[in-house]
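Colleague: Read in order, the letters of the sequence shown correspond to residues 1 to 171 in our numbering.
Beta carbons: idealized from backbone N, C-alpha and C, even for Gly.
Dropping a structure here in structure tokens format, bear with me for questions.
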Amino acid sequence: MYLEITLLSLIIVVCFVFLIKIFVGKTILKTNAEYGTQDLLIEKSGFYSLWVNGEIFSKPALEKFNAMIINENEKRFFDMPSFFRANTNNGSSGSILLECYYLEKGTYKFKIGNGSQSHLTNLDKIAREFIPGKLSYDFGYTVKRTLPELIFPLCLIGIIFSIMQILEILK
């Protein structure tokens, strides 16, 4: 009984650590939303995420200042749009996850331009029409080394399942 509870508690702790690693990561690049191109040096292959930062209750002008990561060395990389739109905030400003990438070690270009392919899905574009808030041009982008967002629902399931099992054991 105690061994089972200990193992289930360990699963809960590991799931919480993974959840934290999705939202908190090592910042690789932080920039304001201004047209231009910057070098993005990836020192270690892995998952990286693109976040938009700005004032909460505002709508960043993502269509006008759209960011993209360009592969310089013809290396292939895997990108996944954010399905859950994970976000963090501190009361006045916040961040929203736009995309996750699996990038190989190397140099990439981080480009902010008007002609870039939009990170907004059709559903996002429709929802932005109905969400109250002013259009903001004062925002920025951050590229972080994180875990992929797809781990999020798996961690939640692991936490809920473990808690249910502990409660069943304690009955």
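Can you tell me which of the three DSSP states Gly106 falls into?
Modeller: Indexing the sequence shown from 1 puts residue 106 at position 106. Three-state DSSP puts Gly106 in a strand.
Colleague: Quick check on this structure: which residue in Ala67, Glu99, Leu135 and Ile163 has the alpha carbon closest to the alpha carbon of Lys109?
Modeller: Indexing the sequence shown from 1 puts residue 109 at position 109. Minimum Cα distance to Lys109 is reached at Ala67.
Colleague: DSSP three-state call for Leu50: helix, strand or coil?
Modeller: Within the sequence shown, numbered from 1, the residue matching residue 50 stands at position 50. In this structure, Leu50 counts as strand in the three-state DSSP scheme.
Colleague: Going by DSSP, what residue range makes up the alpha helix (DSSP H) through Tyr2?
Modeller: Sequence index remark: in the sequence shown, residue 2 carries index 2 (1-based). Its alpha helix (DSSP H) spans residues Tyr2 to Phe23.
Colleague: In whole angstroms, what separates the C-alpha of Gly54 from that of Met1?
Modeller: Sequence index remark: in the sequence shown, residue 54 carries index 54 (1-based). Sequence index remark: in the sequence shown, residue 1 carries index 1 (1-based). If you take the alpha carbons of Gly54 and Met1, they lie about 48 angstroms apart.
Colleague: For Gly133, which of Gly106, Cys155 and Ile56 has the nearest alpha-carbon?
Modeller: Numbered from 1 along the sequence shown, position 133 holds the residue referred to as residue 133. Closest option to Gly133, Cα to Cα, is Ile56.
Colleague: Nearest-angstrom Cα distance between Glu4 and Asn114?
Modeller: Taking the first residue of the sequence shown as 1, we reach residue 4 at position 4. Taking the first residue of the sequence shown as 1, we reach residue 114 at position 114. Whole-angstrom Cα-Cα distance: 55 angstroms.
Colleague: Under 8 angstroms by Cβ, that's how I've got Ile166 and Leu7 pegged, so tell me the actual separation to the nearest angstrom.
Modeller: What you label residue 166 is simply residue 166 of the sequence shown in a count that begins at 1. What you label residue 7 is simply residue 7 of the sequence shown in a count that begins at 1. Actually they do not touch by this definition, with Cβ atoms about 10 angstroms apart.
Colleague: Identify, in the order they occur along the chain, each residue of the same chain with its Cβ nearer than 8 angstroms to the Cβ of Ser136, setting aside the five sequence neighbours on each side.
Modeller: Your numbering for residue 136 matches position 136 in the sequence shown. If we look at Ser136 and ignore the five residues flanking it on each side, its Cβ neighbours are Gly54, Glu55, Ser58, Lys59, Pro60 and Ala61.
Colleague: If contacts are defined as beta-carbon pairs under 8 angstroms, then Lys111 and Thr37 qualify, I think. What distance do you get, rounded to the angstrom?
Modeller: Position 111 of the sequence shown, counted from the first residue, corresponds to residue 111. Position 37 of the sequence shown, counted from the first residue, corresponds to residue 37. That belief holds up - the Cβ atoms of Lys111 and Thr37 are roughly 5 angstroms apart, short of 8 angstroms.
Colleague: Count the other CB atoms, across all protein chains shown, that sit within 10 Å of the CB of Phe139; report buried if there are 16 or more and exposed otherwise.
Modeller: By 1-based counting over the sequence shown, the position of residue 139 is 139. That one is buried.
Colleague: Which whole-angstrom value describes the C-beta separation of Lys49 and Glu99, a residue pair presumed to lie in contact below a C-beta threshold of 8 angstroms?
Modeller: Here residue 49 refers to the residue found at position 49 of the sequence shown. Here residue 99 refers to the residue found at position 99 of the sequence shown. Contrary to the premise, residue 49 reads as Ser rather than Lys in this sequence. Yes, Ser49 and Glu99 are in contact; Cβ-Cβ is about 7 angstroms, under 8 angstroms.
Colleague: So which of Ile12, Val24 and Ile11 has the shortest CA-CA distance to Ser95?
Modeller: Mapped onto the sequence shown, residue 95 falls at position 95. Ser95 has its Cα closest to that of Val24, out of Ile12, Val24 and Ile11.
Colleague: Since Phe152 sits in a beta bridge, which residues does DSSP pair it with?
Modeller: Taking the sequence shown and counting its residues from 1, the one referred to as residue 152 is at position 152. BP columns for Phe152 are empty, so no partner.
Colleague: Looking at Cys155: is its Cβ nearer than 9 angstroms to the Cβ of Phe16?
Modeller: Working through the sequence shown from its first residue, we reach residue 155 at position 155. Working through the sequence shown from its first residue, we reach residue 16 at position 16. It is a contact, given that the beta carbons lie within the stated cut-off.
Colleague: Does Glu168 come out as helix, strand or coil in the three-state DSSP assignment?
Modeller: Locating residue 168 in the sequence shown gives position 168, counting from the first residue. Here Glu168 sits in helix by DSSP.
Colleague: Under 9 angstroms, do Leu40 and Ile69 count as touching if we go by C-beta distance?
Modeller: Taking the sequence shown and counting its residues from 1, the one referred to as residue 40 is at position 40. Taking the sequence shown and counting its residues from 1, the one referred to as residue 69 is at position 69. Yes; because the gap between Cβ atoms is below 9 angstroms, this pair is in contact.
Colleague: Can you tell which of Glu63, Lys21 and Thr27 has the C-alpha that lies nearest to the C-alpha of Tyr35?
Modeller: Taking the first residue of the sequence shown as 1, we reach residue 35 at position 35. The option with the nearest alpha carbon to Tyr35 is Glu63.
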